[in-house]
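Numbering (the working numbering), first residue to last: 6 to 344.
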């Protein structure tokens with residue numbers, strides 16, 4: 006009897022021991038799964054350690070704006086970000102495409118040309134996507150004196166025109182606008198002068214018109230207005246304006262009220278937007294966080310340079326000339342700006 010009782014007790018102890026082992030195995034498995042889950046989550050939210058923003062020379066608007074953006078990303082997201090001095094709008098798309106920088110400031114037409122592989126680029130830059138548009142506006146002014154017989158862009162044929170500095174952005178804009186009037190650069194007599202010098206030449210009668218591609222009010226035209234009110238800014242007619250906006254998706258229309266320069270006449274023209282481009286290789290989550298941080302601190306960018314004072318959520322998605330990065334698009338959809 007005692008022997009049977011001893012055997013029963015040994016069986017009970019063995020059973021308890023086996024249950025304990027089973028529990029330990031389950032706990033080990035659960036702990037392992039939990040660890041794997043934590044590691045996966047950490048990988049999901051992992052961000053870059055360093056980022057660079059391509060700007061331009063230190064004397065222009067791009068550099069202080071780039072510093073402001075870099076500060077926001079560094080302070081809000083903990084990603085050490087620096088503003089990099091570069092050759093400017095055209096080069097910046099190349100730098101994003103080849104991975105030298107992850108973000109950059111450029112012009113809408115330059116971004117469009119980069120993505121589509123058109124002049125001045127020979128290849129399509131598939132790594133370049135948009136973060137946002139509307140950073141600042143470069144307004145296309147064509148100024149003539151009040152007594153001039155030039156009433157339309159069509160009347161510029163055969164005329165001597167101050168085009169701004171050689172290699173400047175005004176040349177490409179002029180070429181685009183003239184094209185819808187059936188004219189080319191060989192139909193005018195261009196002379197390449199700095200904007201202030203071009204306005205002086207206009208006032209002195211040495212040129213028939215002066216082109217100024219600048220944020221409004223343009224300093225060169227304000228200088229002209231200080232000495233005379235007898236000048237006009239050429240208006241782009243409604244039908245031609247529609248054709249320009251259709252043919253060139255990187256332009257938008259703008260009205261210049263007479264009180265801006267005090268010359269007594271309103272004008273309608275176009276402007277191009279400066280914008281931020283970002284590497285397609287950055288993850289959707291990281292670009293979403295960058296976009297959110299920037300627009301939650303938008304006043305810092307607005308205050309970084311007068312050219313950026315009109316940046317807004319609405320302008321950021323207006324006529325974006327190239328596809329948005331999925332992370333940026335996600336943010337703007339979330340804010341109800343894109344459906």
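Each residue gets a CB set at the ideal place from its N, CA and C atoms; glycine is no exception. Being a predicted model, the structure only gives us computed values, none of them experimental.
Among residues of its own chain, excluding the 5 on either side of residue i, which ones have a beta-carbon nearer than 6 Å to its beta-carbon?
i           : result
residue 187 : none
residue 240 : 272, 273
residue 94  : 111, 112, 115
residue 181 : 253
residue 207 : 215
residue 87  : 57, 75
With which residues is residue i paired in a DSSP beta bridge?
i           : result
residue 85  : 55
residue 284 : 133
residue 329 : 135
residue 256 : 277
residue 237 : 149
residue 143 : 277
residue 261 : 272
residue 225 : Beta-bridge pairing links residue 225 to no other residue.
residue 108 : 58, 283
residue 217 : 146
Just the Cα atoms here: how many angstroms apart are residue i and residue j?
i           : j           : result
residue 162 : residue 193 : 5 Å
residue 156 : residue 324 : 29 Å
residue 258 : residue 245 : 11 Å
residue 304 : residue 317 : 9 Å
residue 216 : residue 82  : 43 Å
residue 102 : residue 119 : 9 Å
residue 136 : residue 336 : 10 Å
residue 200 : residue 289 : 42 Å
residue 343 : residue 227 : 38 Å
residue 149 : residue 296 : 42 Å
residue 90  : residue 79  : 18 Å
residue 74  : residue 65  : 15 Å
residue 5   : residue 314 : Shown here, the chain extends from 6 to 344; a query on residue 5 therefore has no answer.
residue 166 : residue 195 : 5 Å
residue 211 : residue 319 : 42 Å
residue 160 : residue 154 : 8 Å
residue 330 : residue 72  : 22 Å
residue 292 : residue 191 : 44 Å
residue 127 : residue 92  : 18 Å
residue 310 : residue 70  : 6 Å
residue 341 : residue 198 : 45 Å
residue 179 : residue 204 : 17 Å
residue 67  : residue 276 : 17 Å
residue 96  : residue 230 : 35 Å
residue 202 : residue 270 : 23 Å
residue 51  : residue 243 : 51 Å
Mark residue i as exposed unless 16 or more other C-beta atoms lie within 10 angstroms of its C-beta, in which case mark it buried.
i           : result
residue 98  : buried
residue 279 : buried
residue 294 : buried
residue 85  : exposed
residue 251 : exposed
residue 247 : exposed
residue 328 : exposed
residue 62  : exposed
residue 152 : exposed
residue 121 : exposed
residue 369 : The structure shown does not extend to residue 369, since the chain spans only 6 to 344, so no value can be given for it.
residue 262 : exposed
residue 224 : exposed
residue 322 : buried
residue 334 : buried
residue 338 : exposed
residue 213 : buried
For residue i, which residues in the same chain have their Cβ closer than 7 Å to its Cβ, ignoring the five residues on either side in sequence?
i           : result
residue 220 : 141, 142, 143, 144, 312
residue 100 : 59, 91, 106, 109
residue 300 : 318
residue 307 : 313, 314, 316
residue 77  : 298, 299, 302, 305
Beta-carbon within less than 8 Å of residue i's beta-carbon, same chain only, minus the 5 sequence neighbours each way: which residues are those?
i           : result
residue 158 : 147, 182, 183, 186, 188, 239, 241, 245
residue 175 : 145, 168, 169, 216, 217, 218
Open item on the list: Within 8 Å, do at least three Cβ pairs link the segment 275-287 to the segment 124-139?
Closed with: yes
- [ ] For the segment 228-238 and the segment 255-271, state whether three or more C-beta atom pairs, one from each stretch, are separated by less than 8 Å.
- [x] yes
- [ ] Could you tell me whether the segment 93-108 touches the segment 55-70, where touching means 3 or more Cβ pairs closer than 8 Å?
- [x] yes
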